[in-house]
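**Student:** Count along the sequence shown from 1, add 1004, and you get the number used in this note's numbering. We treat Cβ as the ideally placed atom computed from N, Cα and C, and that holds for glycine. Pasting in a structure now, in structure tokens, and then I'll have a few things to ask.
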Amino acid sequence: MAAVAVATFAVPSFVTSVAGRADYGVRPWTTTATGRATTTVGGAGFNVRPSDGWVEFEIAGLAQLGADVVEVAVDGTAVDTVEVGAADHRLRYPTATERFAYVELRPPEAATLTVNLFDHPAGVGR
């Protein structure tokens, strides 16, 4: 039983170590039918497994707060500025990284966003 507990805590740490950067600003990831989902408050960073040289995800804000401008960075480089409201925005960016790309979302300080990743192993980014 102790081995299961150790594995439960060691696997996410191992994935983050292999990926090179720790997630921040994300609530626990949940598994969905298409990948993983989380909620962020303020800035967030997370690892994404690219598919054919692209990272792809959806973000949305909260309807009652109106639109927020969110800066998106991939592997430390700003790639986009998106006005995010309640509707989902599916975003796709190229990356030269083969194993894990690191995505950062930089909204206004207290903005809450939902993030959905597609077709990625449930253990990545937890």
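1. Quick check on the burial criterion: 16 or more other C-beta atoms within 10 angstroms. Buried or exposed for Y977?
2. Does the region 1107-1124 come close enough to the region 1058-1067 to have 3 or more Cβ pairs within less than 8 Å?
3. With C-beta atoms as the reference, is V1045 less than 8 Å away from A1090?
4. Assuming V1088 contacts A1064 (C-beta within less than 8 Å), just tell me the rounded distance between them.
5. Taking the straight line between their C-alpha atoms, what separation do you get for R1040 and N1120?
**Tutor:** Per the coordinate set shown:
1. No statement about residue 977 is possible, as the shown extent of the chain runs from 1005 to 1130 and does not include it.
2. Touching, yes, given that three or more Cβ pairs across the two stretches are closer than 8 Å.
3. With contacts defined as CB atoms closer than 8 Å, V1045 and A1090 fail to qualify as a contacting pair.
4. Right, their Cβ atoms sit about 7 Å apart.
5. Spanning the two alpha carbons is a distance of roughly 6 Å.
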